[in-house]
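Since the structure comes first, as structure tokens, the remarks are kept for the end.
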Amino acid sequence: MSGVTRADFEALADAVCRAADGVERTTLLLKAESSDFVRFNRGAVRQATQVEQAFATLGVVRGARRIESRVALTGRVDADIATLNDERRRLAKGLDDVVDDPYLLLPETATRSERHDDARLPSAADVIATVARVAHGLDFVGFHAGGPVVRAFADSLGSRHWHRVASFHIEWCCYLAGDRAVKASYAGRDWDEAEFARRVAASAARLALLGRPPRAVQPGAHRAYFEPTAMAELVGMLGWGGFGLKARRTGSSCLMRLAHRDAALHPSVTLAEDTPHGLAPAFTPEGFLRDAAVTLVDQGRAADTLVSPRSAREFGVPANGANADETPESLAMAPGTLREADAAAALGSGLWISNLWYLNFSDRPACRITGMTRFACLWVEDGVPVAPIGAMRFDDSFLRMFGEGLVALTDHAEAIPNSDTYLERQLASVSVPGAIVADWRLTL
Amino acid sequence: MFDSLEAITRRVAPPSSRWSLRAVHERSEQLTVRQDVAQAPQFGREAGAMVTVAHGGGVGHAATADLGEAGLAAAFGRAQALAAASAGRLAFDPESLPAVRPRARHVGPRERPSLAAPLRDKLQLLADACRLAHPDDRIVDWSASLWSTETEQLILTSDGGCIEQQAAQTMPHLQATALIDGVAQTRSSAGQYNGFCQQGGLEVLERAHFATEGPRVAAEAIALATAPHCPTGTMDVLLMPDQMMLQIHESIGHPLELDRILGDERNFAGTSFVTLDMFGHYRYGSELLNVSHDPTRAEQIASFAYDDDGTPSQRRLLIERGVLMRPLGGALSIARAAALGHRLEGVATSRAASWNRPTIDRMSNLNVEPGDATLAQMIESIEFGVLMRTNVSWSIDDSRNKFQFGCEHGQVIRRGKLAEVVRNPNYRGVSATFWRSLAMVGDASTFEVMGTPYCGKGEPSQIVRVGHASPACRFSGIDVFGGHE
Chain A
23 MSGVTRADFE ALADAVCRAA DGVERTTLLL KAESSDFVRF NRGAVRQATQ VEQAFATLGV
83 VRGARRIESR VALTGRVDAD IATLNDERRR LAKGLDDVVD DPYLLLPETA TRSERHDDAR
143 LPSAADVIAT VARVAHGLDF VGFHAGGPVV RAFADSLGSR HWHRVASFHI EWCCYLAGDR
203 AVKASYAGRD WDEAEFARRV AASAARLALL GRPPRAVQPG AHRAYFEPTA MAELVGMLGW
263 GGFGLKARRT GSSCLMRLAH RDAALHPSVT LAEDTPHGLA PAFTPEGFLR DAAVTLVDQG
323 RAADTLVSPR SAREFGVPAN GANADETPES LAMAPGTLRE ADAAAALGSG LWISNLWYLN
383 FSDRPACRIT GMTRFACLWV EDGVPVAPIG AMRFDDSFLR MFGEGLVALT DHAEAIPNSD
443 TYLERQLASV SVPGAIVADW RLTL
Chain B
566 MFDSLEAITR RVAPPSSRWS LRAVHERSEQ LTVRQDVAQA PQFGREAGAM VTVAHGGGVG
626 HAATADLGEA GLAAAFGRAQ ALAAASAGRL AFDPESLPAV RPRARHVGPR ERPSLAAPLR
686 DKLQLLADAC RLAHPDDRIV DWSASLWSTE TEQLILTSDG GCIEQQAAQT MPHLQATALI
746 DGVAQTRSSA GQYNGFCQQG GLEVLERAHF ATEGPRVAAE AIALATAPHC PTGTMDVLLM
806 PDQMMLQIHE SIGHPLELDR ILGDERNFAG TSFVTLDMFG HYRYGSELLN VSHDPTRAEQ
866 IASFAYDDDG TPSQRRLLIE RGVLMRPLGG ALSIARAAAL GHRLEGVATS RAASWNRPTI
926 DRMSNLNVEP GDATLAQMIE SIEFGVLMRT NVSWSIDDSR NKFQFGCEHG QVIRRGKLAE
986 VVRNPNYRGV SATFWRSLAM VGDASTFEVM GTPYCGKGEP SQIVRVGHAS PACRFSGIDV
1046 FGGHE
């Protein structure tokens, strides 16, 4: 299956995006995918699922009044046009019951953009057969998601945006025993079975170290190196209300101390919403083009914020392509100067953190975060990994860890796609280097 | 919605295979008034089906929103192809699944359907509730919202089963943020993620006291913004139902999911400290702990007559007088455990987020049964401790053991009396020992029916609505701490 085509979308847009029925503007946002999902447990297939889904969010506007409706499409264009036109008429009547929204801001001119990435993807049958072969003898548990994903937008002004990316993403764990495991992934657009097999073998080879007696780590302060996968979790927390203008203006941002200059991050910390280098569309659900890049933290100091159209109208500042929640979709942390190959030596003795898990704020105003270590986290002695550690809880301030506590960032930022599949496959990503941090605080 | 679906399905389904179809039709409406400004109403309408085919030792699932004859035939074809691809490579024996033959209909409670009520009236209701949450300019952000859904589901099977179920859910929410001298604190009506969610229509708003909650929420946000941090130390905690629901969810519900115990979630949501050999004898908590899987409490959000695999529902105790008795496992997981030599009694709790996801073991309504202590008796029994309300932060390890939870609102208990309000109350512990410190269980007067619309799990990921009802409970000797100065 190939899912919704551009011709299908154009037909929907032309038929539905009309100023009719007392509506001044009609908008149409399409989110569609044709996905293979295969999950594995102990090297065998637990569930194999194919999903065809397409959801259209239809918006109608009259003056400062707006209503939206999200409708599942069948894939039969004529039937879907009829459904959406019925829905538009129903919504138009509803506008009479809605009050004016003083913060409604929509594009004033028509815009266009296009991205269409083809790919060489494996079939679900290919993946099942390959896993059976390369994971033989391993306690392999994992998940494959693959196929095209579409985001498209049209409105009655004439805007047309089309964003179609096809990709695969397979994540897996090789388990040794209990909760000792190595997690790895393989994602991209051109499936190479040999490369997948190499990565599985490499993850299996890392199990040997996990078989050693674990090192007992006590709560307290520890020097630690965070792989990019762990850094993605830490930096990703800032996106949870940290960068949005609304959160700043209401004092609820986790970065208020940074914004007020009561605290500063290390001068080597620079963060940006970097749309051109991410996977997310270059347009917003309202049809605005996104700014190329928005610097959020500049050399340790608070810089710009993510400004949604709504905040832009409310606070009188320009919108910069942020979504309605003002969360980043292509967050990028600038790399540092430490060669990745030298990370263990630079760590010396301390914790090597491959993965973190279940992060949350324990004190949001202080940007204090708690969470757990997970998978192949190790104790390093004089630059040499010597033993696994058990799952440990940390509770520490991001401002401290990446302020006075930051020792070094590695010289390569790794792009990590968001592999979440809640409701739909995601197109967000984060790009982060590894980091060495002093006095990381473990609590339990 | 599904008038002709059974006839079409039986016409196009593969005649020589075991199959099932689960169709879902859901309508929804999300209304929000923030800072006294009504935001654009958001409606939703979707229908689709997940078909499952078991054939030749394989099983495949395929989802489609095209419920016409051609669309369903194509979906069955895709499921058949996946069944062929997985034949001989499955993690379970598809022949072990029981036949589903009931023909039944179940309609959940709905006195005043929310979706049928005039939009103008609902927006006015929200505007009034929102305005009450803004007594003065110390409140810098305030909002009121109402999320209403109506769901219709039809399960058809090759064994002749035909199960139709309908339910309506109503999820109100109020929230206020106070900012005083640089300190921001947010207080909500029942948690910032719709902790008060029940089946029913607009009558749910009355049970939530929605129209009059604004002043309390705002006053407590203001009090928190000028309150000291929660004290640190080992002490008693008295957890109210809107924190108990999170405690139940994370450290009883998820660890007892049988598919986690069987290892399915090890790559994503995690495993469990509970193992197959613990059922029937493991002491999970003190003698006071009784935990039920109860899909029969009509107003609770995850009540149903049959789970999404078609297994009839019954109330069952999972933990009885502190002893672990049963897992949260549906028919397939129970069969898998049996194949490993563990004969367990499961419950009807296989569920899917919607038509586009296959079923897995989930929580449904998971409740702590009431005890015999009044709230006053529990407070009087505490020499020094903290009463905590309303979850705001949650984190637990991947085997659901080491946890750290935070609440919106704390109040010190000193020498048996409620004392000062404190902000950022947090506590941490280990599931395997925490429930054994359960010292008192509140009576029915402290019992509240709550839940969450946002329980996440599975690959592909799924969000389902889960109910939790609980009395207030007292725990002794807990590691408590506050925020950072």
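Protein chains in written order, with my numbering: chain A, 23 to 466; chain B, 566 to 1050.
Beta carbons: idealized from backbone N, C-alpha and C, even for Gly.
What does the alpha-carbon distance come out to for the pair residue i and residue j?
| i | j | result |
| --- | --- | --- |
| residue 26/A | residue 750/B | 45 angstroms |
| residue 605/B | residue 596/B | 7 angstroms |
| residue 594/B | residue 979/B | 45 angstroms |
| residue 1016/B | residue 159/A | 42 angstroms |
| residue 270/A | residue 278/A | 7 angstroms |
| residue 1050/B | residue 354/A | Confidence at residue 1050/B is low in this model, with a pLDDT of 46, below 50, so its placement is unreliable and no value can be given for it. |
| residue 912/B | residue 314/A | 52 angstroms |
| residue 380/A | residue 256/A | 10 angstroms |
| residue 23/A | residue 441/A | With a pLDDT of 48 at residue 23/A, under the threshold of 50, the modelled position of this residue cannot be trusted, and the question is left open. |
| residue 905/B | residue 862/B | 33 angstroms |
| residue 125/A | residue 197/A | 52 angstroms |
| residue 351/A | residue 302/A | 6 angstroms |
| residue 951/B | residue 1009/B | 22 angstroms |
| residue 466/A | residue 1030/B | 31 angstroms |
| residue 383/A | residue 1048/B | 10 angstroms |
| residue 123/A | residue 921/B | 34 angstroms |
Mapping the DSSP letters down to three states, classify residue i as helix, strand or coil.
| i | result |
| --- | --- |
| residue 821/B | helix |
| residue 991/B | strand |
| residue 636/B | helix |
| residue 418/A | strand |
| residue 1028/B | strand |
| residue 262/A | coil |
| residue 920/B | coil |
| residue 936/B | coil |
| residue 925/B | strand |
| residue 479/A | The structure shown has nothing for residue 479/A, since chain A only spans 23 to 466. |
| residue 1077/B | Since the first and last residues shown for chain B are 566 and 1050, residue 1077/B lies out of range. |
| residue 642/B | helix |
| residue 333/A | helix |
On the DSSP letters alone, give me the boundaries of the alpha helix (DSSP H) that residue i sits inside.
| i | result |
| --- | --- |
| residue 460/A | Not the alpha helix (DSSP H): residue 460/A falls in the beta strand (DSSP E), residues 457 to 464. |
| residue 879/B | No alpha helix (DSSP H) holds residue 879/B; DSSP gives it neither H nor E. |
| residue 777/B | From DSSP, residue 777/B is part of no alpha helix (DSSP H); its letter is neither H nor E. |
| residue 100/A | 99 to 116 |
| residue 695/B | 684 to 697 |
| residue 278/A | 278 to 281 |
| residue 901/B | 896 to 904 |
Using the DSSP secondary-structure output, state which residues sit across from residue i in a beta bridge.
| i | result |
| --- | --- |
| residue 707/B | 741/B |
| residue 406/A | 403/A |
| residue 750/B | 743/B |
| residue 617/B | 585/B and 626/B |
| residue 730/B | 671/B and 718/B |
| residue 394/A | 379/A and 415/A |
| residue 1033/B | 1015/B |
Go to residue i, then tell me how far its beta strand (DSSP E) extends in each direction, as first and last residue.
| i | result |
| --- | --- |
| residue 865/B | Residue 865/B -> no beta strand (DSSP E), and no H or E assigned at all. |
| residue 165/A | 161 to 177 |
| residue 385/A | 377 to 385 |
| residue 723/B | Where residue 723/B is concerned, there is no enclosing beta strand (DSSP E), given that its DSSP letter is neither H nor E. |
| residue 960/B | 949 to 961 |
| residue 678/B | Per DSSP, residue 678/B belongs to no beta strand (DSSP E) and is neither H nor E. |
| residue 61/A | 47 to 63 |
| residue 439/A | 436 to 439 |
- Message: Closer than 8 angstroms is the cut-off here; do at least three beta carbon pairs connect the stretch 192 to 212 of chain A with the stretch 414 to 427 of chain A?
- Response: The stretch 192 to 212 of chain A vs the stretch 414 to 427 of chain A: no contact.
- Query: Are three or more beta carbon pairs between the stretch 114 to 122 of chain A and the stretch 156 to 170 of chain A nearer than 8 angstroms?
  - Reply: Output reads no: the stretch 156 to 170 of chain A does not touch the stretch 114 to 122 of chain A.
- Message: Closer than 8 angstroms is the cut-off here; do at least three beta carbon pairs connect the stretch 748 to 762 of chain B with the stretch 660 to 670 of chain B?
- Response: Between the stretch 748 to 762 of chain B and the stretch 660 to 670 of chain B there are fewer than three C-beta pairs closer than 8 angstroms, too few to call the two in contact.
- Message: So, does the stretch 811 to 831 of chain B touch the stretch 873 to 882 of chain B, judging by three or more C-beta pairs under 8 angstroms?
- Response: The stretch 811 to 831 of chain B, when compared against the stretch 873 to 882 of chain B, does not touch it at the 8 angstroms Cβ threshold.
- Cβ contact check for the stretch 35 to 54 of chain A and the stretch 102 to 117 of chain A: 3 or more pairs under 8 angstroms: Judged by Cβ distances under 8 angstroms, the stretch 35 to 54 of chain A makes contact with the stretch 102 to 117 of chain A, as three or more pairs qualify.
- Query: At a cut of 8 angstroms, does the stretch 767 to 781 of chain B reach the stretch 959 to 974 of chain B through at least three beta carbon pairs?
  - Reply: The stretch 767 to 781 of chain B vs the stretch 959 to 974 of chain B: no contact.
- Query: Would you say the stretch 124 to 142 of chain A touches the stretch 80 to 94 of chain A, given that touching needs at least three Cβ pairs under 8 angstroms?
  - Reply: Contact between the stretch 124 to 142 of chain A and the stretch 80 to 94 of chain A is present, because at least three Cβ pairs lie under 8 angstroms.
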